[in-house]
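Written out below as structure tokens is the structure these notes cover.
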Amino acid sequence: YSHPVYGNNPSRPSGVVVVKASVEAIEKELFSPLIHAPGMITFITGPHGVVFMSDHKELLFQVLWKIADKDLIEIAKSKQFGTGPWEWAGFESKGKDRVVDKSGDEYLLFRKKIESLPGWSVVHLSSLDVISKSISDPIIRTIGYTILALCVLIGLSVLVLYNLAKSDIVKRMQAEEALRESEEKYRSMMEAMTDATYICSHDFRIEYMNPAMIKRIGHDATGEACHQAINGLEEKCPWCVHHKVQKCEHAVTEIVSFKDNRTYSVSSSPIHHLDGTISKLAIYRDLTELKKMEAELLKARKLESIGLLAGGMAHDFNNLLSIIMGNISMVQDDVKPEDQITQFLNDAQEASRKAQDLTRQLITFSKGGAPVKQAGSIKELLKEITSFIPADSNVKCEILIPPDLNPVEFDKGQMQHAFKNLIINAAESMPESGLIKVRAENLILKSESKEKSLALAAGEYVKISIQDHGVGIPSENLDLIFDPYFSTKEMGTQKGMGMGMATTYSIIKKHGGNIIVESEVDVGTTVAIYLPAYVKKVQKIEPIETQKLPKTAIRTRKILVMDDEKSIRHLAEQMLSRLDYDAETAKDGEEAIELFKRAMDSDKPIDVVILDLTIKGGMGGKDVIKILQKINPQVKAIVSSGYSNDPVMTDFEKYGFAGALPKPYAKKDLKDMLHNIFGSSPI
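What follows is the structure, given as structure tokens:
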């Protein structure tokens, strides 16, 4: 007999009390009154008639009746009655209630099945000879039946208790096996987790660490204080949620570990023990790289928003500059160099040039501001860095470039502008004097390398570092330095409004690279630029010399200018006239096509068409050139736009143009463009 014992947790037993009773003692108690009763035999039999209890010891574990071999095999498999052999006791049935033994003595059979134990029975045999001799004695007969009933009752009780004990033992064994399997699954799961995980007790002592956590801190810290081992703190962590876990609450916190300065999401959950105590399961998920990528994405979206605004403004602003700069150049032609107004015009023209440079910076942010890249060595460009240091500065520059520096694909103008911004910033951070160190090196990034936080694909790169020993940048401003118009410089000074770093960031990103800034106040700043190396063979492109025709040869050439700005059309017409060209103008694509057709039918065809790339509410240059080529496949056209980094402007030949004239342009720019067109293909 067994019974579960419960502790503090009433839903789960903590142990079992087992009571065992000797079968021999039960037999002695059950059958002793019948031992000396002649002619009476009592049995308790199991399946297939195996004698389990009897007042005749010689019959134990024999079978009352003859049985087949297959039944003997089943008895052996059950292992309930030893290992055998199970011999025949010699009884044969002679009817419903008659039995004969080996010697031929006949017995009266009484058999009662035990309903709660299938296959088990109580069997009582009474010798007919004895019964016949004692039939006259009713007292003895009454006592015999009473004893028989008592035996049956005791036998049933013993068997029921035995069966219950056996069932409870089986259940306990099954529960222990299930517990072992559950623990094995739990441990396998914890071992396989890539997130660093540990379990600590209510008093902050580590009870378990998975391999990922052991790898993170460098050793198995089981038994140590969690705040000391995991985060290197003498006291409990500032973000500790142990008190919540002890209240059976789940908590998720985002932390920056003092031990490795990495960002983690920490999920803490309670683990309940049978003794009532609660441990904490903490899972550390490293978010460092994700946070960096989110910051890069936010930065890119911010610049994209500025780019959309810049792209919309650049074209209109350059149109205005075209009118201003063009008219200034026209007036400059009409005055003498010694006139007082000449200096005013020169100052105005210089200011316009600076405004033009500003629009180019704005265009760099725009969606279409893709660099026009060519493969080559960046060594010469790096050697020119010293020329970017302001003339009135006492800052020196040290440049170290290895002879085997890999080539890269870059837009020379954009990259020159980026380096100029960085050198000027470095020089201005050291107002008295100082040294700027420029280093270039080849670098191979692997997926598992320490530079994986750069958000760059694995491969070969050229790393360029620019280091100064200036005032440095406060840590709270490091994440803002690439924001347009953020600046640590004094507002309103001639040093600008902080557009340079934003422009530089955009340029490097559009070259497929990345830029990282490290700085410490009063120590200095290091800017590291990573550019993809160009691994293909670089072919040197020799410039084509253009043939320039004498002035008399181009006097009668006819130029058609299409622009939706009336002032620009008028200005272009005046410029062309002073350059001895015949000029016609059109306000949109339809008018330009009509004038071109009309000229084709006359004896004065159009020699060159200058087409504005975008026309408000009408066909722009990209569409007009396709129609003109159908009219005259030999047409020469120049595309012009204030959006100088548009793909049509940077790759004009692909769209059927002979040249590109960025706005704003002066008379000299127009003159040089036309001379190149006519010089390369004289008419």
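My numbering puts the first residue of the sequence shown at 919, with every later residue one more than the last.
All C-beta atoms, glycine included, are put in the ideal place defined by N, C-alpha and C.
| query | result |
| --- | --- |
| Touch check for the stretch 1388-1396 and the stretch 1417-1437: three-plus C-beta pairs under 8 Å? | yes |
| Mark Gly1507 as exposed unless 16 or more other C-beta atoms lie within 10 angstroms of its C-beta, in which case mark it buried. | buried |
| According to DSSP, is Leu982 part of a helix, a strand, or is it coil? | coil |
| From Val1070, Pro1450, Met1591, pick the residue whose C-alpha is nearest to that of Ala1576; which is it? | Met1591 |
| What separation, rounded to the nearest whole angstrom, lies between the Cα atoms of Ile985 and Tyr1025? | 20 Å |
| Starting from Asp1204, trace the beta strand (DSSP E) in both directions and tell me its first and last residue. | 1196-1204 |
| Which residues bound the alpha helix (DSSP H) around Lys1428? | 1418-1428 |
| Which of helix, strand or coil does DSSP assign to Ser1347? | coil |
| What residues in its chain sit with their C-beta under 8 Å from that of Phe1262, if we drop five residues either side in the sequence? | none |
| Got a sec, what are the start and stop residues for the beta strand (DSSP E) Asn1360 sits in? | 1352-1363 |
| Out of curiosity, what's the CA-to-CA distance linking Lys1627 and Asn1395? | Because the chain here runs from 919 to 1601, residue 1627 falls outside it and cannot be looked at. |
| What is the DSSP secondary structure of Phe961, counted as helix, strand or coil? | strand |
| Cα separation between Gly1194 and Ala1373? | 48 Å |
| CB Ile1317 to CB Val1356, shorter than 8 Å? | yes |
| So who's on the other strand from Arg1029, going by DSSP bridges? | Val1041 |
| Classify Gly1022: buried if its beta carbon has 16 or more other beta carbons within 10 angstroms, exposed otherwise. | exposed |
| Based on the DSSP output, what are the partners of Asn1613 in its beta bridges? | Here the chain comprises residues numbered 919 to 1601, so residue 1613 is not present and cannot be evaluated. |
| Could you check the C-alpha separation between Leu1588 and Ile1528 for me, to the nearest Å? | 10 Å |
| Look up Cys1166 in the DSSP assignment and say whether it is helix, strand or coil. | coil |
| In three-state DSSP terms, what is Leu1513? | helix |
| What are the partner residues of Pro931, as DSSP defines its beta bridges? | Tyr924 |
| For Trp1004, decide whether its Cβ has a neighbour in chain B, counting only Cβ atoms nearer than 8 Å. | You won't find chain B in this structure, because it holds only one protein chain. |
| Buried or exposed for Pro1156, going by 16 or more other Cβ atoms inside 10 Å? | exposed |
| Under 8 Å, do Thr963 and Leu982 count as touching if we go by C-beta distance? | yes |
| To which residues of the same chain is Ala1007 closer than 6 Å at the C-beta, ignoring the five residues directly before and after it? | Leu977, Gln980, Leu982 |
| Is the stretch 1208-1218 touching the stretch 1234-1250 in the sense that three or more CB pairs, one from each, lie closer than 8 Å? | no |
| If you follow the alpha helix (DSSP H) that Ser1393 is in, where does it begin and where does it stop? | 1393-1396 |
| Just confirm the distance between the C-beta atoms of Ile1296 and Val1326, as a whole number of angstroms; I'd bet it's less than 8 Å. | 5 Å |
| Which of helix, strand or coil does DSSP assign to Lys1466? | Caution applies to Lys1466, whose pLDDT of 44 falls short of 50 and renders its modelled position unreliable; the model cannot decide the point. |
| Between which two residues does the alpha helix (DSSP H) holding Ala1147 run? | 1144-1149 |
| Once you ignore the five residues that flank Ser1185 on each side, which residues in its own chain have a CB closer than 6 Å to its CB? | Val1170, Ile1201 |
| May I ask which residues mark the beginning and end of the alpha helix (DSSP H) holding Ile1524? | From DSSP, Ile1524 is part of no alpha helix (DSSP H); its letter is neither H nor E. |
| Here's the rule: buried if 16 or more other CB atoms are within 10 angstroms of the residue's CB, otherwise exposed. What is Phe1068? | According to the sequence provided, residue 1068 is Leu. The question's Phe does not apply to it. By the neighbour-count rule (16 or more Cβ atoms within 10 Å), Leu1068 is not buried but exposed. |
| Going by C-alpha distance, which of Ile1135, Ile1425, Leu1151 is nearest Gly1331? | Ile1425 |
| When you compare the stretch 1441-1451 with the stretch 1375-1387, are there three or more beta-carbon pairs, one atom per stretch, that lie closer than 8 Å? | yes |
| If Leu1192 and Arg930 are in contact, beta carbons under 8 Å, what's the gap, nearest whole angstrom? | 7 Å |
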